[in-house]
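Student:
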Amino acid sequence: MHSLAFLATLLIPLAAAAPEVAASPAPEAAGDAVIYDNDNYSGQSKPIPVNGVCQNLGRPFTDRGIRSIRLPEAGEHCNIHYAKKCNGPSYTVYESEPYMHNMKAYSIRCLKSAY
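Quick note, the sequence shown lines up with residues -17 to -1, 1 to 98 if you use mature numbering (1 follows the signal peptide of the UniProt record, and there is no 0).
1) Please determine, among Leu40, Ser28 and Val33, the residue with the shortest C-alpha to C-alpha distance to Asn70.
2) For Arg92, which residues does DSSP report across the bridge?
3) At which residue ranges does the segment 18 to 83 contain complete beta strand (DSSP E) runs of 3 or more residues, listed in the order of the chain?
4) Just to confirm before moving on: does the CB-CB distance between Asp22 and Arg47 stay below 8 Å?
5) Short check: CB of Val17 to CB of Pro32, under 8 Å?
6) Distance check for Tyr65 and Ile49, CA to CA, integer angstroms please.
7) Do you know offhand how far Ala97's Cα is from Gln27's?
In structure tokens form, the structure reads like this:
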């Protein structure tokens, strides 16, 4: 009986040190814009917060490009940049677009429009 209690006290630190299982990606928040790598809001997606903060992008958006974008509501827009850190030329999207022209992008910034 004492050996079982002793064994249990040895296993507790091991369980605490075990790596956590990676959680599935958080679903987009209600106010996020969402970019997709396929037409008609399909394929791999990435939520982009509408907070004015630049988000660097990776694959598939740097390879296949952004093929559709869903904006949460009117009065918001996204600047899609052809360089990292929201530098260089950009293309501005003011409304959801289900079919974009395969726009390869390296960064994006979404924010409330000033008007």
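Note that CB positions come from ideal geometry on N, CA and C, so glycine has one too.
Tutor: Per the coordinate set shown:
1) Leu40
2) Asn62
3) 25 to 31, 51 to 53, 59 to 64 and 73 to 76
4) no
5) no
6) 11 Å
7) 30 Å
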